[in-house]
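Protein chains in written order, with the numbering used here: chain A, 1 to 113; chain B, 114 to 231.
Cβ atoms here follow ideal geometry from the backbone N, Cα and C, with glycine treated the same way.
Input: a single structure, listed below in structure tokens.
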Amino acid sequence: GESVGLHLPTLSVQEGDNSIINCAYSNSASDYFIWYKQESGKGPQFIIDIRSNMDKRQGQRVTVLLNKTVKHLSLQIAATQPGDSAVYFCAENISGANSKLTFGKGITLSVRP
Amino acid sequence: GAVVSQHPSRVICKSGTSVKIECRSLDFQATTMFWYRQFPKQSLMLMATSNEGSKATYEQGVEKDKFLINHASLTLSTLTVTSAHPEDSSFYICSARDHGTSSPDTQYFGPGTRLTVL
Chain A
1 GESVGLHLPT LSVQEGDNSI INCAYSNSAS DYFIWYKQES GKGPQFIIDI RSNMDKRQGQ
61 RVTVLLNKTV KHLSLQIAAT QPGDSAVYFC AENISGANSK LTFGKGITLS VRP
Chain B
114 GAVVSQHPSR VICKSGTSVK IECRSLDFQA TTMFWYRQFP KQSLMLMATS NEGSKATYEQ
174 GVEKDKFLIN HASLTLSTLT VTSAHPEDSS FYICSARDHG TSSPDTQYFG PGTRLTVL
């Protein structure tokens with residue numbers, strides 16, 4: 001079946017640098033995408049979302065980019081901080097009454113002080 | 114807004130016993146809630162979709178008689194792991210959708226429940 005996947009299992013960045021986390025999705029019918037952050041022993045925390053009618057959306061220190069042509073999603077974190085260290089998941093969704101999220105495998109972001 | 118709670122946060126039980134986990138939407142009404150299971154260093158796996166006032170929809174491979182779901186109100190869904198065995202030890206996470214927002218597809222997650230079956 002179709003799935004959402006992440007390119008890299010781990011990412012190590014220097015504090016203060018920008019981080020880019022990439023995600024590939026394969027379901028062309030997906031029209032809504034979410035990035036979640038999960039700290040150890042906690043539930044996923046909503047970071048930012050984007051609909052398929054957009055290609056970029058910005059939040060506070062985070063930006064999500066969507067390239068529907070190549071089915072690629074990325075999360076950019078500006079000025080990465082130690083508190084950003086966590087596992088990041090992308091998730092895709094087909095909107096509707098019976099919609100449900102399909103999660104990618106997750107990538108660990110480690111911030112070096 | 115959009116806060117979801119779970120209780121208990123951690124539970125240890127003996128093999129063969131049943132465990133109930135509660136999921137509550139604290140500041141919104143959730144006609145739909147979801148139950149996930151997550152094993153160490155793995156992603157979230159959807160177990161079932163819980164709809165208020167109707168039967169849950171289970172994903173393929175999830176035993177509905179083992180994982181009983183009840184969604185009796187717009188703010189509460191419960192997951193009961195019946196006759197738990199060590200292989201059921203996992204991190205169980207619920208989520209809820211707030212249909213009253215401009216993003217009704219967004220799921221907000223609870224803090225999770227760590228189940229350990231001895």
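Excluding the 5 residues flanking it on each side, residue 94 of chain A has same chain C-beta neighbours closer than 8 angstroms at 27, 29, 30, 31, 32, in chain order. At a cut-off of 8 angstroms between beta-carbon atoms, residue 56 of chain A makes no contact with chain B.
Not flagged as an interface residue toward chain A: residue 141 of chain B, since no C-beta distance is shorter than 8 angstroms.
The Cβ atoms of residue 226 of chain B and residue 124 of chain B sit closer than 8 angstroms to each other.
In this chain, residue 196 of chain B is not harboured by any beta strand (DSSP E), its DSSP state being neither H nor E.
Setting aside the 5 residues that flank it on each side, residue 23 of chain A is surrounded in the same chain by 6, 73, 90, 104, each with a C-beta closer than 6 angstroms to its C-beta; the list follows chain order.
Between the stretch 167-176 of chain B and the stretch 209-229 of chain B there are fewer than three inter-stretch CB-CB distances shorter than 8 angstroms, so the stretches are not counted as touching. In the DSSP assignment, residue 212 of chain B falls outside any beta strand (DSSP E), carrying neither H nor E. If you draw a straight line from the Cα of residue 113 of chain A to the Cα of residue 86 of chain A, it is about 15 angstroms long. Contact residues of the stretch 206-224 of chain B toward chain A are 206, 207, 208, 210, 216, 217, 218, 219, 220, 221, 222, 223, 224 (C-beta to C-beta distance below 9 angstroms).
Against chain B, a Cβ distance below 8 angstroms from residue 34 of chain A picks out 219, 220. Pairing residue 55 of chain A with residue 66 of chain A gives a Cβ-Cβ distance under 8 angstroms. Here residue 231 of chain B is exposed, its C-beta having fewer than 16 other C-beta atoms within 10 Å. Per the coordinates, the alpha-carbon of residue 156 of chain B lies some 15 angstroms from the alpha-carbon of residue 147 of chain B. Per DSSP, residue 24 of chain A is one residue of the beta strand (DSSP E) stretching across 19-25. Just so you know, the alpha carbons of residue 173 of chain B and residue 154 of chain B end up roughly 22 angstroms apart.
The beta carbon of residue 177 of chain B sits closer than 8 angstroms to the beta carbons of 161, 169, 171 from its chain, once the five residues preceding and following it are set aside; these are given in chain order. Relative to the Cα of residue 197 of chain B, the nearest Cα in the group B/159, B/119, B/184, B/129 belongs to B/129. Residues of the same chain with a CB within less than 6 angstroms of the CB of residue 108 of chain A, apart from the 5 flanking positions on each side, are 10, 87 in chain order.
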